[in-house]
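Undergrad: The opening position of the sequence shown corresponds to residue 1 in full-length UniProt numbering, with each subsequent residue numbered one higher.
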Amino acid sequence: MEAVSRTAQWTAAARALETEREDRLFADPYARTVAGTVGFELLDRYAGAGTVPFLAIRTTYLDRAIGRAMREREIRQVVFLAAGMDTRYYRLDWPTGVTVYELDRPALLEAKAAMLADEPEPAGRERRTVAVDLTQDWTGPLKEAGWRSEQPTLWVVEGLLFFLPEDAVRTLITTLWQHSAPGSALLGDVISKAALENPLSRPFMKALEEDGNPWLFGTEEPEQLLTSCGWTVREVRQPGEDGADFGRWPYPVPPREVPRVPRSFLFTATRDEATS
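(1) Measure the alpha-carbon distance for Glu257 versus Ala269 and round it to whole angstroms.
(2) Note down the Cα distance separating Pro262 from Ala123, rounded to an integer number of angstroms.
(3) With H, G and I counted as helix, E and B as strand and the rest as coil, what does DSSP make of Glu126?
(4) Applying the criterion that 16 or more other CB atoms from any shown protein chain within 10 Å of the CB defines a buried residue, is Gln178 buried or exposed?
(5) Hey, out of Glu220, Gly212, Ala207 and Thr171, whose CA is closest to Ala195's CA?
(6) I need the DSSP call for Arg21, collapsed to helix, strand or coil.
(7) By DSSP's criteria, Tyr101 is part of a beta bridge. Which residues make up the other side?
(8) Quick check on the DSSP output: the alpha helix (DSSP H) that includes Val157 runs from which residue to which?
(9) State the DSSP-derived secondary structure class of Gly36, mapped to helix, strand or coil.
(10) What is the rounded straight-line gap between the Cα of Thr275 and the Cα of Trp231?
(11) If you draw a straight line from the C-alpha of Arg202 to the C-alpha of Thr153, how long is it?
(12) Suppose you measure from the CA of Val79 to the CA of Arg64; what does that come to, to the nearest Å?
(13) When you compare each of Thr7, Pro53, Leu103 and Phe26 to Asp93 by their alpha carbons, which one comes out closest?
(14) In this structure, what does DSSP give as the bridge partners for Ile188?
(15) If you draw a straight line from the alpha carbon of Ser264 to that of Gly218, how long is it in whole angstroms?
(16) Between Arg68, Gly67, Arg76 and Pro106, which lies nearest to Gly84 when the distance is taken from Cα to Cα?
(17) Give the straight-line distance between the Cα atoms of Ile66 and Leu187, rounded to the nearest whole angstrom.
(18) Determine the closest residue to Ala13 out of Asp23, Glu22 and Thr51, with distance taken between C-alpha atoms.
(19) If you pair each beta-carbon of the stretch 118-132 with each one of the stretch 157-166, do three or more pairs fall below 8 Å?
(20) Are the beta-carbon atoms belonging to Ile173 and Leu134 less than 9 Å from one another?
(21) What number of angstroms, rounded off, separates the C-alpha of Glu102 from the C-alpha of Gly36?
(22) Would you mind stating whether Phe162 and Leu216 have Cβ atoms separated by less than 9 Å?
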């Protein structure tokens, strides 16, 4: 797999560790399989304060936000952009009739398919993989796979935005809004610019860069980012705040007005107005 895709195995390794806790927040019985040896090697390489608890919190937040959006909005098509080694298609309790689209690079999708080849297909749902480069046109291949822009979509951009330059981030989020019917939702995460620049983060950032996976984008104003791209912000949570703690975050959360603090943000946004 390409270097940028190997980080998907890193996050899968973190999910495996959470699954194996007695007080686990979620169960991902596929995580250790898709993590492989590489995933645990990278987990050791990228280890830092808060990494493993953050990934447990992010997974839990998005699991619950996905379930809430499916119930409240009755969405039946879900698109994971840069799906990586995500296994939610297998492990979540999806409503009957859901189609899950997983977009990622061809080599990653091929490797993932081989790893999960022996897993039984869940009933009442369908998964369609779409091999794309998200820096190029991906809406065409998605439509060819059966996705319908006139129907509400649940978009998930987990662990993606900080790998892109700012112009690509804004283009992507705007494109999602432009291709969203009323009733659609967007879930994901982003980090602060201070997280990229913090001296304590330098060993971690250097390791990512050496491995071909540099983090490029952060913002102190995720609400402004989303609204400037058309979306209506429903919530933004930092790990440790109500709705994004789950008993896992071990550090205090400085108020947003405190400057130069490394932060992670989890967000839910929607498009509810009629398409003009």
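Note that beta-carbon positions come from the ideal geometry of N, C-alpha and C, so glycine has one too.
TA: Taking the coordinates as given:
(1) In the sequence shown, the residue the question calls residue 257 occupies position 257. In the sequence shown, the residue the question calls residue 269 occupies position 269. Rounded to the nearest angstrom, the two C-alpha atoms are 22 Å apart.
(2) Within the sequence shown, residue 262 is the residue found at index 262, counting from 1. Within the sequence shown, residue 123 is the residue found at index 123, counting from 1. Their backbone Cα atoms lie some 42 Å apart in a straight line.
(3) Within the sequence shown, the letter at position 126 stands for residue 126. In this structure, Glu126 counts as strand in the three-state DSSP scheme.
(4) Taking the sequence shown and counting its residues from 1, the one referred to as residue 178 is at position 178. Answer is exposed; the Cβ neighbour count stays below 16.
(5) On the sequence shown, residue 195 is found 195 positions in, with the first residue counted as 1. Nearest option by C-alpha distance: Glu220.
(6) Residue numbering aside, residue 21 sits at position 21 when the sequence shown is read from its first letter. Three-state result, Arg21: coil.
(7) Sequence index remark: in the sequence shown, residue 101 carries index 101 (1-based). Beta-bridge pairing links Tyr101 to Val79 and Arg128.
(8) The sequence position of residue 157 within the sequence shown is 157, counting from 1. Here Val157 belongs to no alpha helix (DSSP H); instead the beta strand (DSSP E) covers Leu154 to Val157.
(9) Taking the first residue of the sequence shown as position 1, residue 36 is located at position 36. In this structure, Gly36 counts as helix in the three-state DSSP scheme.
(10) Numbered from 1 along the sequence shown, position 275 holds the residue referred to as residue 275. Numbered from 1 along the sequence shown, position 231 holds the residue referred to as residue 231. Its pLDDT being 47, under 50, Thr275 is placed unreliably by the model, and nothing is read from it.
(11) Position 202 of the sequence shown holds residue 202. Position 153 of the sequence shown holds residue 153. Rounded to whole angstroms, Arg202 to Thr153 spans 37 Å at the Cα level.
(12) Position 79 of the sequence shown, counted from the first residue, corresponds to residue 79. Position 64 of the sequence shown, counted from the first residue, corresponds to residue 64. Distance between the alpha carbons of Val79 and Arg64 is about 16 Å.
(13) Along the sequence shown, read from residue 1 onward, the residue named residue 93 stands at position 93. It is Phe26.
(14) Here residue 188 corresponds to residue number 188 of the sequence shown, with the count starting at 1. Residue 188 is actually Gly in this sequence, not Ile. For Gly188, which the question treats as bridged, DSSP gives the partners Val157 and Phe267.
(15) Numbered from its first residue, the sequence shown carries residue 264 at position 264. Numbered from its first residue, the sequence shown carries residue 218 at position 218. Computed Cα separation, rounded: 9 Å.
(16) Within the sequence shown, numbered from 1, the residue matching residue 84 stands at position 84. It is Pro106.
(17) Along the sequence shown, read from residue 1 onward, the residue named residue 66 stands at position 66. Along the sequence shown, read from residue 1 onward, the residue named residue 187 stands at position 187. Between Ile66 and Leu187, the C-alpha separation is close to 8 Å.
(18) Here the question's residue 13 lines up with position 13 in the sequence shown. Cα-wise, what sits closest to Ala13 is Thr51.
(19) no
(20) On the sequence shown, residue 173 is found 173 positions in, with the first residue counted as 1. On the sequence shown, residue 134 is found 134 positions in, with the first residue counted as 1. For Ile173 and Leu134, no; Cβs fall outside 9 Å.
(21) Here residue 102 corresponds to residue number 102 of the sequence shown, with the count starting at 1. Here residue 36 corresponds to residue number 36 of the sequence shown, with the count starting at 1. Their Cα atoms are separated by approximately 20 Å.
(22) Translated into positions along the sequence shown, residue 162 becomes position 162. Translated into positions along the sequence shown, residue 216 becomes position 216. Yes, Cβ-Cβ distance for Phe162 and Leu216 is below 9 Å.
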